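Residue numbers (my numbering): 215 to 490.
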């Protein structure tokens with residue numbers, strides 16, 4: 215289904231003032247889905263229409279929230295759509311996007327296929343970059359316009375959301391998986407972190423500066439997640455087993471353990487044969 219037709223359906227629903235429930239019923243009737251609504255960029259189309267003006271469109275925003283709560287769209291597609299929003303000057307829109315993240319970011323996990331889990335990892339890394347860019351933007355705004363309560367408030371909101379996400383070892387592991395999957399992606403994170411660091415001097419509140427620095431430290435620690443904390447065994451034939459277990463444990467939190475055990479036993483047999 216063409217995205218342009220989906221946008222027309224969104225505008226029609228808005229003009230006729232459909233409730234979020236009416237919207238869901240009609241969209242399901244007229245846009246029969248395949249494996250997932252993500253294939254027509256459903257979340258992105260809704261967000262794009264909701265964030266056209268200086269402030270979010272409350273009715274279209276309610277359609278997006280209903281789609282999230284009813285699982286019509288995946289968390290990864292929503293995070294990806296958020297990371298594409300670059301209108302940081304529209305603080306009300308940014309605030310709404312942070313509120314949308316509050317709906318589900320405390321329960322991110324991988325239940326589906328491997329590609330769906332990788333999509334979530336990439337989306338989470340993308341939103342980390344987005345939050346860092348937001349922090350950098352508002353630090354620069356403080357430099358240009360001077361102290362501002364509203365700017366400091368939205369800066370704190372971005373910092374707190376990033377800190378909340380990166381305080382979770384599971385979320386950091388998901389970002390690390392994305393980093394391993396695409397080595398170049400981490401460059402975007404580092405670039406955004408450097409801009410935030412450069413702008414810290416513009417934050418008038420020392421306590422807030424310290425909190426931002428602590429949040430940056432959480433992000434900077436991600437590449438060291440798999441570093442060995444003790445001396446490795448003298449004959450470590452399979453140094454990647456730890457990484458393998460971590461990836462499996464992170465991406466299949468509710469999966470059966472028997473397949474993993476069988477794979478580990480096979481690795482053990484291979485190790486014995488090689489040592490023999």
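For each residue, glycine too, the CB sits at the ideal point set by N, CA and C.
These figures come from a predicted structure and were not determined experimentally.
*Straight-line CA distance for residue 418 to residue 348?*
Taking the first residue of the chain shown as position 1, residue 418 is located at position 204. Taking the first residue of the chain shown as position 1, residue 348 is located at position 134. The straight-line gap from Cα to Cα measures roughly 17 Å.
*Just tell me which of 414, 400, 346 and 413 has its CA closest to the CA of residue 438.*
Start at 1 with the first residue of the chain shown, and residue 438 comes out as number 224. Checking every option, the nearest Cα to that of residue 438 belongs to 400.
*Could you tell me which uninterrupted alpha helix (DSSP H) segments, each at least 4 residues in length, are contained entirely in the region 367 to 427, listed from first to last along the chain?*
383 to 395 and 399 to 413
*Would you check if the region 410 to 429 and the region 358 to 377 touch, i.e. whether three or more CB-CB distances between them fall below 8 Å?*
Flag = yes, the region 358 to 377 and the region 410 to 429 touch.
*Could you pull out every residue in the same chain whose Cβ sits closer than 6 Å to the Cβ of residue 257, ignoring the five residues on either side in sequence?*
The residue you call residue 257 lines up with position 43 of the chain shown. Cβ neighbours of residue 257 beyond the five flanking positions: 287, 291, 292 and 295.
_For a test of the three-state rule: what should DSSP assign to residue 357, helix, strand or coil?_
Against the chain shown, residue 357 aligns to sequence position 143. Three-state result, residue 357: helix.
_Short Cβ contact (7 Å threshold) for residue 410 with residue 350_ = Looking up residue 410 in the chain shown gives position 196. Looking up residue 350 in the chain shown gives position 136. In contact: residue 410 and residue 350 (Cβ atoms closer than 7 Å).
_Pairwise C-alpha distance: residue 341 and residue 277_ = Reading the chain shown from its first residue, position 63 is the one you call residue 277. Reading the chain shown from its first residue, position 127 is the one you call residue 341. When rounded, the distance between both Cα atoms is 21 Å.
*Give the straight-line distance between the Cα atoms of residue 398 and residue 406, rounded to the nearest whole angstrom.*
Locating residue 398 in the chain shown gives position 184, counting from the first residue. Locating residue 406 in the chain shown gives position 192, counting from the first residue. Those two C-alpha atoms are separated by around 14 Å.
*In terms of residue numbering, what span does the alpha helix (DSSP H) encompassing residue 362 cover?*
One-based indexing of the chain shown puts residue 362 at position 148. Run containing residue 362: none; DSSP gives neither H nor E here.
*Can you tell me the Cα-Cα spacing of residue 390 and residue 408, whole angstroms?*
For the purposes of this step, residue 390 is identified with residue 176 of the chain shown, where counting begins at 1. For the purposes of this step, residue 408 is identified with residue 194 of the chain shown, where counting begins at 1. Approximately 19 Å between the Cα atoms of the pair.
*Count the other C-beta atoms from every protein chain shown that fall within 10 angstroms of the C-beta of residue 244, then say buried if there are 16 or more, exposed otherwise.*
As a first step, residue 244 is located in the chain shown; it is residue number 30 there, counting from the start. Burial call: exposed.
*asked:* By the three-class DSSP mapping on this structure, what secondary structure does residue 301 have?
replied: Taking the first residue of the chain shown as position 1, residue 301 is located at position 87. In this structure, residue 301 counts as coil in the three-state DSSP scheme.
*asked:* Measuring alpha carbon to alpha carbon, tell me which residue in 275, 267, 270 and 281 is nearest residue 240.
replied: Numbered from 1 along the chain shown, position 26 holds the residue referred to as residue 240. The shortest Cα separation from residue 240 among 275, 267, 270 and 281 belongs to 281.
*Assign residue 428 to buried or exposed, taking buried as 16 or more other Cβ atoms, counted over all protein chains shown, within 10 Å of its Cβ.*
Here the question's residue 428 lines up with position 214 in the chain shown. With fewer than 16 neighbouring CB atoms inside 10 Å of its own CB, residue 428 falls in the exposed class.
*Spatially closest choice to residue 267 from 395, 307 and 412, by CA coordinates*: Taking the chain shown and counting its residues from 1, one reaches residue 267 at position 53. Nearest option by C-alpha distance: 307.
*Would you mind reading off the limits of the alpha helix (DSSP H) that contains residue 243?*
Stepping through the chain shown from its first residue, residue 243 is reached at position 29. Run containing residue 243: 234 to 244, per the alpha helix (DSSP H) assignment.
*Straight-line CA distance for residue 344 to residue 372?*
Taking the first residue of the chain shown as 1, we reach residue 344 at position 130. Taking the first residue of the chain shown as 1, we reach residue 372 at position 158. C-alpha separation (whole angstroms): 9 Å.
*With C-beta atoms as the reference, is residue 388 less than 7 Å away from residue 338?*
The residue given as residue 388 occupies position 174 in the chain shown. The residue given as residue 338 occupies position 124 in the chain shown. Yes. Within cutoff.
*Look at the alpha carbon of residue 238 and the alpha carbon of residue 423, and state the distance between them as a whole number of angstroms.*
On the chain shown, position 24 is the one that residue 238 refers to. On the chain shown, position 209 is the one that residue 423 refers to. Each residue's Cα considered, the two are about 43 Å apart.
*Between the Cα of residue 260 and those of 221, 230 and 269, spot the shortest distance and give me the residue it belongs to.*
As a working note, residue 260 is residue 46 in the chain shown. Comparing Cα-Cα distances from residue 260 to each of 221, 230 and 269, the minimum goes to 221.
*Coil, strand or helix - residue 336 by DSSP*: Your numbering for residue 336 matches position 122 in the chain shown. Helix, per DSSP.
*Straight-line CA distance for residue 233 to residue 273?*
Looking up residue 233 in the chain shown gives position 19. Looking up residue 273 in the chain shown gives position 59. C-alpha separation (whole angstroms): 8 Å.
*State the DSSP-derived secondary structure class of residue 322, mapped to helix, strand or coil.*
Walking along the chain shown from the start, residue 322 turns up at place 108. Here residue 322 sits in coil by DSSP.
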